[in-house]
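Residue numbers (this note's numbering): 446 to 864.
Virtual Cβ for every residue (Gly too), placed ideally from N, Cα, C.
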Amino acid sequence: MPDHPSAAPLVPPGPLHGITVIDLTSVALGPYATLQLGDLGADVIKVEAPEGDTTRLGGQARHVDMASLFLTFGRNKRSIVVDLKHPDAADVLTDLVRTADVVVHNVRPDAARRLGITYRDIAAVNPTVVHATAAGFDPEGPYGGRPAYDDMIQGLVGIVSLMERVTGTPRYLPSIMIDKTVGMALANAILAALFHRARTGEGQEVVVPMFEVMAGFTLLEHLADATFLDAGPNGDDPPGPPGYIRTLSPHRRPLRTADGVVCALPYQDKHFRTLFDAFDRPDLAGDPRLADIPSRLAHLDHVYGTLETLTVGRTTADSLERFARAEVPAVAMATLEDLLADPHLAEVGFFAEIDHPSEGRIRQPQLGVRFGSTPTSLRRPAPRLGEHSVEILARLGYDEDRIATLLAGGAVRAHPDHG
446 MPDHPSAAPL VPPGPLHGIT VIDLTSVALG PYATLQLGDL GADVIKVEAP EGDTTRLGGQ
506 ARHVDMASLF LTFGRNKRSI VVDLKHPDAA DVLTDLVRTA DVVVHNVRPD AARRLGITYR
566 DIAAVNPTVV HATAAGFDPE GPYGGRPAYD DMIQGLVGIV SLMERVTGTP RYLPSIMIDK
626 TVGMALANAI LAALFHRART GEGQEVVVPM FEVMAGFTLL EHLADATFLD AGPNGDDPPG
686 PPGYIRTLSP HRRPLRTADG VVCALPYQDK HFRTLFDAFD RPDLAGDPRL ADIPSRLAHL
746 DHVYGTLETL TVGRTTADSL ERFARAEVPA VAMATLEDLL ADPHLAEVGF FAEIDHPSEG
806 RIRQPQLGVR FGSTPTSLRR PAPRLGEHSV EILARLGYDE DRIATLLAGG AVRAHPDHG
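Pasting the structure below:
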């Protein structure tokens with residue numbers, strides 16, 4: 446069910462052109478995964494409950510169902526409203542998934558069984574489908590079936606505890622990092638399953654649980670010395686605790702200048718030879734605590750404390766010039782407002798500005814990846830709730846009478862301006 450050629454200005458097809466995704470997800474994690482698939486060229490059909498996705502209510506809005514958050518999460522998607530609890534909705538769902546390449550949802554196992562959207566249900570209709578589930582926890586474990594949101598998973602995988610260790614207060618990260626990170630993992634898993642199907646013709650079930658993905662993400666560096674399970678060949682080198690010490694030092698923080706903040710990371714040994722000359726502190730070059738990586742890791746508080754003394758009395762511009770002279774990566778701290786006006790992002794066309802049919806002039810951040818032959822694109826703006834219900838049913842082969850019956854009975858709903 447590819448995009449209709451008249452739906453948007455002509456753009457080169459993306460790498461997923463010709464792939465149809467039935468998107469039953471809601472909130473942030475799943476919609477971010479399908480946003481990526483849509484930007485990559487897939488035809489994403491967003492199947493919404495009558496009340497719509499909750500992101501439609503997130504932020505400033507010109508219309509009640511079109512908040513700023515949804516204008517991003519909903520782009521490159523078409524919206525059909527199907528009440529999956531309605532007895533007449535089953536046939537509609539069957540017809541939607543019959544020729545789809547991907548079906549993705551984030552419904553808990555019991556509800557998925559009731560709604561008829563499990564892998565077994567969908568594969569019975571379409572054996573070659575890639576059926577992807579975003580779950581809070583692997584359904585086969587003792588936590589399977591529990592509800593989960595970003596804040597809960599931040600707490601479970603140690604992020605809140607890590608924040609307490611470095612700030613003194615248990616805190617969440619000021620970002621829906623779990624949803625976005627697992628959303629990328631979900632998109633990646635779907636792409637891998639599509640690649641497997643392209644080689645073998647075989648569809649499959651894919652489960653992407655938030656807890657397990659983020660446990661692996663967090664422990665990538667923080668497993669640290671707990672990697673070892675024995676005390677070594679002589680029994681005198683017991684495993685250490687988890688936690689990557691460089692990032693856990695309370696002194697690891699941006700550097701204050703006389704008029705701002707600089708973020709810098711001298712990392713290589715050569716940086717600690719060039720840095721002190723650039724800041725007119727050659728006396729520090731002979732400090733054995735700064736000589737090499739093992740020494741610096743053993744004296745992290747001293748390392749970070751020393752760096753703070755270099756910039757505190759200098760302007761940001763002067764500090765950045767000296768870091769550049771020393772070939773140490775460094776930038777001035779930016780605000781979100783600065784990000785919107787960043788000259789590099791402007792030069793590479795990172796923000797797309799479009800005229801939305803109902804919401805006016807808007808901007809959109811793009812994925813940030815670049816393809817030489819199959820570029821990503823913004824082919825259609827975020828839809829009104831049920832904007833494409835009638836169009837999608839018609840393209841499934843439903844005649845006007847059947848569509849009218851479904852709308853009258855409430856199994857399917859359409860936006861009043863697009864009915």
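State the Cα-Cα distance for the pair residue i and residue j, rounded to the nearest angstrom.
i    : j    : result
D732 : F717 : 10 Å
H449 : L784 : Its pLDDT being 40, under 50, H449 is placed unreliably by the model, and the measurement read from it follows with that caveat. Those two C-alpha atoms are separated by around 35 Å.
T850 : H801 : 31 Å
R523 : T479 : 12 Å
T573 : R565 : 12 Å
L720 : D763 : 13 Å
H747 : A775 : 20 Å
T864 : G831 : Here the sequence assigns Gly to residue 864, which means Thr is not the residue at that position. If I take the Cα positions, the gap works out to 9 Å.
A797 : H508 : 21 Å
R806 : R501 : 18 Å
A634 : G794 : 28 Å
E766 : E753 : 16 Å
N551 : M629 : 14 Å
H833 : G688 : 50 Å
H744 : F673 : 23 Å
S513 : K491 : 18 Å
A453 : L812 : Reliability of the predicted coordinates at A453 is poor, the pLDDT of 44 falling under 50, and no value is obtained from them.
V835 : D846 : 12 Å
R741 : D714 : 10 Å
E782 : A791 : 14 Å
S471 : T751 : 48 Å
F582 : I598 : 10 Å
A779 : A769 : 18 Å
G497 : V814 : 30 Å
G483 : P460 : 10 Å
M511 : D737 : 54 Å
G646 : V542 : 17 Å
Output the boundary residues of the alpha helix (DSSP H) element that contains residue i.
i    : result
I690 : 690–693
S606 : 604–612
T719 : 716–723
H747 : 745–756
V570 : 564–570
V552 : Element bounds for V552: n/a, residue is neither H nor E.
Q713 : Where Q713 is concerned, there is no enclosing alpha helix (DSSP H), given that its DSSP letter is neither H nor E.
R896 : Any answer about residue 896 is impossible in this case: the structure gives the chain only from 446 up to 864.
R767 : 761–770
I848 : 845–854
V835 : 834–840
D484 : 474–484
Quick one: is the Cβ of residue i within less than 6 Å of any heavy atom of the ligand FAD?
i    : result
L631 : Ligands are entirely absent from the displayed structure, and the ligand FAD is therefore not among its contents.
Sort the options by Cα distance to residue i and report the nearest one.
i    : options                : result
N521 : D714, P458, L781       : P458
A580 : E766, P615, T819, V658 : V658
F662 : F673, T645, K625       : K625
P495 : G813, V526, D725, D536 : V526
V857 : D533, V466, T470       : D533
H576 : L823, L469, D555, R501 : L469
P810 : F816, I799, G817       : I799
D540 : R847, D862, L841, A473 : L841
T578 : A839, R701, P554       : P554
I621 : G688, D722, H550, L474 : L474
A771 : D737, F724, T756, M511 : F724
V548 : L485, L631, T499, T517 : L631
T760 : T702, G854, E493, L823 : T702
A545 : D787, R558, N571       : N571
A839 : V537, G486, Q505       : V537
Y477 : F518, R644, F640, D675 : F518
C886 : T614, Y617, V773, H531 : Only positions 446 to 864 of the chain appear in this structure, which leaves residue 886 out of reach.
Hey, could you find the ends of the beta strand (DSSP E) residue i is sitting in?
i    : result
D800 : 796–801
A428 : Outside the displayed range of the chain (446 to 864) lies residue 428, so it cannot be described from this structure.
A580 : 575–580
A709 : 706–709
P810 : 805–810
D783 : First-last for D783: 781–785, but that is the alpha helix (DSSP H), not the beta strand (DSSP E).
T465 : 465–468
(message) Using 8 Å as the cut-off, can you tell me whether the stretch 718–731 makes contact with the stretch 678–694, which would need three or more C-beta pairs spanning the two stretches below that distance?
(response) Output reads no: the stretch 678–694 does not touch the stretch 718–731.
(message) Threshold first: 4 residues or longer. Then list the alpha helix (DSSP H) segments lying entirely within the stretch 589–664, N to C.
(response) 595–601, 604–612, 622–645
(message) Could you tell me which whole alpha helix (DSSP H) segments of length 4 or greater appear in the stretch 491–547?
(response) 513–518, 534–543
(request) Check whether the stretch 606–622 touches the stretch 684–703, taking contact to mean three or more Cβ pairs, one atom from each stretch, closer than 8 Å. (result) Yes, the stretch 606–622 is in contact with the stretch 684–703.
(message) When you compare the stretch 649–662 with the stretch 587–601, are there three or more beta-carbon pairs, one atom per stretch, that lie closer than 8 Å?
(response) yes
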